[in-house]
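One structure is given below, encoded as structure tokens.
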Amino acid sequence: MNVKDLEYFVAVFDEKNFSKAAMEKNVSQPTITLAIKRLENEFGARLFIRDHSHQRLEPTRQGSQLLIHAQNMLTELGIAKKELAQMTSGKVRLGLPPIIGNYYFPKISPDLFRSKLINKIETVEAGSADLRLRLEKGDLDIALLGSLSPVIDDVLKVELFDESKFKIIVSKKNPLAQKDEINFSELKNENFIVLDKGFVHGKALKQVSHHAHYRPHIVYPTTDIHILKSLVAENVGIGFLTESAISKTDQVHSLTLLDDDQPTFYMSTAYRKNKILSDDEQSIVDLLQKELSRSS
Numbered sequence: 630m631n632v633k634d635l636e637y638f639v640a641v642f643d644e645k646n647f648s649k650a651a652m653e654k655n656v657s658q659p660t661i662t663l664a665i666k667r668l669e670n671e672f673g674a675r676l677f678i679r680d681h682s683h684q685r686l687e688p689t690r691q692g693s694q695l696l697i698h699a700q701n702m703l704t705e706l707g708i709a710k711k712e713l714a715q716m717t718s719g720k721v722r723l724g725l726p727p728i729i730g731n732y733y734f735p736k737i738s739p740d741l742f743r744s745k746l747i748n749k750i751e752t753v754e755a756g757s758a759d760l761r762l763r764l765e766k767g768d769l770d771i772a773l774l775g776s777l778s779p780v781i782d783d784v785l786k787v788e789l790f791d792e793s794k795f796k797i798i799v800s801k802k803n804p805l806a807q808k809d810e811i812n813f814s815e816l817k818n819e820n821f822i823v824l825d826k827g828f829v830h831g832k833a834l835k836q837v838s839h840h841a842h843y844r845p846h847i848v849y850p851t852t853d854i855h856i857l858k859s860l861v862a863e864n865v866g867i868g869f870l871t872e873s874a875i876s877k878t879d880q881v882h883s884l885t886l887l888d889d890d891q892p893t894f895y896m897s898t899a900y901r902k903n904k905i906l907s908d909d910e911q912s913i914v915d916l917l918q919k920e921l922s923r924s925s
């Protein structure tokens, strides 16, 4: 079976027209027609029927079924090309969400250095949702992920190494700094500085505010945790952060939320289940899991 035939088949399925599929793939119409005929002969099934009233092709049930497998095969072939090319580089692409990377990666860097693995790692910083997608597409080898529930994935092997609660942070100049605990309902009139899209904090904040029956007043969203903490320290507003993102050196005061049904921030290591790890990759995974679990 020719891989190009599958690519042409998907194009015909999308365009519902041989000519448009040929233009999309920059080939002649007879090339597309012959590809479909070869697939029909290969599988002994008719894949399209002509809808003369609308001047278009309609996939048969068999054609719709083949599409699912064709897309999966083409996706896997694309990942295979990336993986084989990556193997020759000798590098390991490690995805780090900003919060997990800032807090946990410095803890394991000495061990990576001693194991002579640090120079083999190429770090990619992005939100957990983006990193998870890159892992599945073969654009990353390993990643640390943050989530609001333990990750269950058919494609990824995921191992939990830590979890933490969310806290409110305020300026030490703020009257709320006199407290150590608070109900979220007491913050109804406060201005919030929050992490922008790509962080799970937005979903967590929505969950907490839903239970408190009000929508927080957000004065500034940011993708930079350092900016968030700086603005909070200057008493521009209050923040909502996972406990693992707050350090003793931050010029802010943290408050424990007393609300029931609070979200939990889960942190995990992840890589594709069908990936054959190199010796370096396996060493990095083992070290990450060992050291992160110990430091949590």
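Using the numbering used here, the first residue of the sequence shown is number 630, and each one after it goes up by one.
Glycine included, every Cβ here is placed at the ideal spot set by N, Cα and C.
Here the structure is a predicted model, which is why all the values come from computation and not from measurement.
For the beta strand (DSSP E) containing D791, list its first residue and its last residue.
785-800
Mind pulling the beta strand (DSSP E) runs of 3 or more residues that sit fully within the region 659-744?
677-680, 685-688, 721-725
For the structure I just gave you, are there three or more beta carbon pairs, one from the region 767-778 and one from the region 894-902, closer than 8 Å?
yes
Looking only at its chain, what residues have a beta carbon closer than 8 Å to the beta carbon of H882, apart from the 5 residues adjacent to it on each side?
I798, V799, S800, K801, N803, L805, A806
DSSP beta-bridge partners for T752?
L723
Buried or exposed for Y732, going by 16 or more other Cβ atoms inside 10 Å?
With 16 or more other Cβ atoms within 10 Å, it is buried.
Check whether the region 846-864 and the region 813-823 touch, using three or more Cβ-Cβ pairs below 8 Å as the test.
yes
Quick one: residues in its chain with C-beta nearer than 8 Å to the C-beta of I854, no 5 flanking neighbours on either side, listed in chain order?
Leaving aside the five residues that flank I854 on each side, the residues in its chain whose CB is nearer than 8 Å to its CB run, in chain order, P727, I728, N731, L824, L870, A874.
Reduced DSSP secondary structure (H/G/I, E/B, other) of M652
In the structure shown, the three-state DSSP call for M652 is helix.
Buried or exposed, going by whether 16 or more other CB atoms sit within 10 Å of the CB of F742?
exposed
If contacts are defined as beta-carbon pairs under 8 Å, then D809 and T885 qualify, I think. What distance do you get, rounded to the angstrom?
6 Å
From the DSSP secondary-structure annotation, give me the bridge partner or partners of R901.
L785
Coil, strand or helix - F642 by DSSP
helix
Taking 7 Å as the threshold (C-beta atoms), are L668 and F638 in contact?
yes
Which of helix, strand or coil does DSSP assign to S757?
helix
Apply the 10 Å Cβ neighbour rule to A709 and answer buried if 16 or more other Cβ atoms are within range, or exposed otherwise.
exposed
Does the beta-carbon distance from L892 to A841 come in below 7 Å?
Before going on, a small fix: residue 892 reads as Pro here, not Leu. Not in contact: P892 and A841 (Cβ atoms no closer than 7 Å).
On the three-state DSSP scale, how would you describe I856?
helix
Counting pairs of beta carbons, one from the region 738-758 and one from the region 711-728, are three or more of them closer than 8 Å?
Contact between the region 738-758 and the region 711-728 is established, with three or more Cβ pairs separated by less than 8 Å.
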